[in-house]
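In this note's numbering, the protein residues as written are 1217 to 1641.
Just so you know, even glycine gets a beta-carbon here, dropped at the ideal spot from N, CA and C.
Below you'll find the structure, written out as structure tokens, and then a few comments.
Right, here's the structure in full:
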């Protein structure tokens, strides 16, 4: 907050001092002298194909080219407003993608069950007889420490089915991977932290039961959004541990509408220490995220609208004050109010038209920068921007520009021709 306030005050003071300096340096006699006539010639933009036949468009482009810095800053300001709206609504797209990827693509099960300790895999047959259960899939998690040279990292080694269906390994691009029976499949972030490459050997120190160390090769890496995970086929894990066909967790696919009955039945099983319903988790996540994203999106959209109004309206008012003599002259020469307004508002339209695609590109870059800053060992936001986000950003800025245009058009209609045409001599 202090940095933001300091930057704002510094910019305001710098702009004020610049204006004061220009005024002080101006000689009084020169200030009282009428402005010298401008040097009129065909502007570079006028030479574009299709422009020479339109006199109003040539006038607008000539005016923009005479004040390049003002035009550039106006376009940049409106583009920043578009980028802010894109950033504010990006989180909604990212969370929707995360929910779909994690709970529809990766986790296909409806209920996940944890046992008090690893036991016989035959327990899945007991779970399969519970009301509403359509299929079961066994898994096992073992707390371990991964060691490679001087680097180490605590985590869990997850034993999965040979061809998992209820709980899969899926990367950020939606590609599914299979667990190996001879080595590890590891998330790329964990492999990077350990300094591992595919084919390297990693020490796996068991932190449960009898403490010992296994030597396993890294057979593949996968880019996941959440966690520092390592996977292996469950039966291969049991063989490495010298144990039988055991499992510690089960993924259940349930018949629609029977999850509540199934969860009540699970509470009666003494070996079950935990379970959760995917639908309840997704519903709570969506409710919380929707509220937070809605608040953030509304605030940033309001900020962006204020920026757009400030840039567009202020530039239009300045142009109106500077060119009132010209506009009044055109009215006297027979131009209608709509034609005169078009010369001023057409410049606003061109600025917004150029700023929209530029702002979308800036929003894309800003989003990538933010995702890179938020990236951590345990989580990485996917960069997903839906077309609706770009559309909403465009509508918000267009609405702000339209509101500014209506106010300026009203002032043009109320222009006092006699007062505007008076000279200062």
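Problem - DSSP three-state assignment for residue 1484, whether helix, strand or coil - result: Residue 1484 falls in the coil class under three-state DSSP.
Handout entry: Paired residues, beta bridge with residue 1330 - DSSP
Key = Within the DSSP bridge table, the entry for residue 1330 names 1465 and 1490 as partners.
Practice task
Please check if any C-beta of chain B sits within less than 8 Å of the C-beta of residue 1588.
Solution key: Among the chains in the structure shown there is no chain B, since it carries only a single protein chain.
Problem - Range covered by the beta strand (DSSP E) that runs through residue 1433 - result: Taken as a continuous stretch (DSSP letters only), the beta strand (DSSP E) holding residue 1433 covers 1429 to 1438.
Handout entry: At least three beta-carbon pairs within less than 8 Å, the segment 1460 to 1477 to the segment 1295 to 1308
Key = As far as the Cβ criterion goes, the segment 1460 to 1477 does not touch the segment 1295 to 1308, which means the pair count is below three.
Exercise for the section: Quick one: give me the first and last residue of the alpha helix (DSSP H) that residue 1367 is part of. Expected result: Premise fails: residue 1367 lies in the beta strand (DSSP E), 1367 to 1376, not in any alpha helix (DSSP H).
Problem - Straight-line gap, residue 1280 to residue 1622 (C-alpha atoms, nearest Å) - result: Near 21 Å, if we compare the C-alpha coordinates of residue 1622 and residue 1280.
Exercise for the section: Tell me whether residue 1557 is buried or exposed, calling it buried when 16 or more other Cβ atoms sit within 10 Å of its Cβ. Expected result: Flag for residue 1557 reads buried.
Practice task
Sort 1429, 1399 and 1567 by Cα distance to residue 1288 and report the nearest one.
Solution key: It is 1567 whose Cα lies nearest to the Cα of residue 1288.
Exercise for the section: Identify every residue that forms a DSSP beta bridge with residue 1448. Expected result: As a beta-bridge residue in DSSP terms, residue 1448 pairs with 1375.
Problem - Buried versus exposed call for residue 1503 [16 or more other C-beta atoms within 10 Å across all chains shown] - result: Residue burial is scored here from C-beta neighbours: residue 1503 has fewer than 16 other C-beta atoms within 10 angstroms and is therefore classed as exposed.
Exercise for the section: Name the two residues that bound the continuous beta strand (DSSP E) containing residue 1364. Expected result: Segment 1349 to 1364, the beta strand (DSSP E) holding residue 1364.
Practice task
Would you kindly report the start and end of the unbroken beta strand (DSSP E) that includes residue 1419?
Solution key: Element bounds for residue 1419: 1417 to 1422.
Problem - Opening and closing residue of the beta strand (DSSP E) in which residue 1402 lies - result: Going by DSSP, residue 1402 is part of the beta strand (DSSP E) stretching over 1400 to 1403.
Exercise for the section: Would you kindly report the start and end of the unbroken alpha helix (DSSP H) that includes residue 1317? Expected result: Following the DSSP letters along the chain, one finds residue 1317 in no alpha helix (DSSP H), marked with neither H nor E.
Practice task
Decide if residue 1425 is buried, meaning its Cβ has at least 16 other Cβ atoms within 10 Å, or exposed.
Solution key: It is exposed - the Cβ of residue 1425 has fewer than 16 other Cβ atoms within 10 Å.
Practice task
Measure the beta-carbon distance from residue 1383 to residue 1453 and round it to whole angstroms, keeping in mind my assumption that it falls under 8 Å.
Solution key: Taking C-beta atoms under 8 Å as the contact rule, residue 1383 and residue 1453 fail to qualify, at a distance of about 15 Å.
Handout entry: Contact set for residue 1641: own chain, Cβ-Cβ below 6 Å, skip 5 residues either direction
Key = Residue placement at residue 1641 cannot be trusted, given a pLDDT of 47 that sits under 50; what the coordinates show is reported in the next sentence. Closer than 6 Å at the Cβ level, and outside the excluded window around residue 1641, lies no residue.
Practice task
Assign residue 1246 to one of two classes, buried (16 or more other C-beta atoms within 10 Å of its C-beta) or exposed (fewer than that).
Solution key: Classification of residue 1246: exposed, given that the 10 Å Cβ count is below 16.
Handout entry: Other residues of its chain near residue 1409: CB distance less than 6 Å, five sequence neighbours each side excluded
Key = If we look at residue 1409 and ignore the five residues flanking it on each side, its Cβ neighbours are 1369.
Practice task
Can you grab the Cα-Cα spacing for the pair residue 1238 / residue 1443, in whole Å?
Solution key: Residue 1238 and residue 1443 have their alpha carbons spaced roughly 58 Å apart.
Practice task
Tell whether a beta-carbon distance below 8 Å holds between residue 1524 and residue 1613.
Solution key: One thing to note: residue 1524 has its Cβ within 8 Å of the Cβ of residue 1613.
Handout entry: Beta-carbon proximity list for residue 1445, same chain, < 8 Å, skipping 5 on both sides
Key = The answer, listed in chain order, is 1371, 1372, 1374, 1402, 1403 and 1406.
Problem - Secondary structure of residue 1297, DSSP reduced to three states - result: For residue 1297, the three-state secondary structure derived from DSSP is helix.
Exercise for the section: My understanding is that residue 1579 touches residue 1298, with C-beta atoms under 8 Å, so please give their C-beta distance in whole angstroms. Expected result: Right, the Cβ-Cβ distance comes to about 6 Å (below 8 Å), so this counts as a contact.
Problem - C-alpha distance - residue 1631 paired with residue 1274, whole-angstrom precision - result: The straight-line gap from Cα to Cα measures roughly 23 Å.
Handout entry: Inter-residue CB distance, residue 1466 and residue 1352 (contact presumed, cutoff 8 Å)
Key = About 5 Å separates the beta carbon of residue 1466 from that of residue 1352, a gap short enough to meet the 8 Å contact definition.
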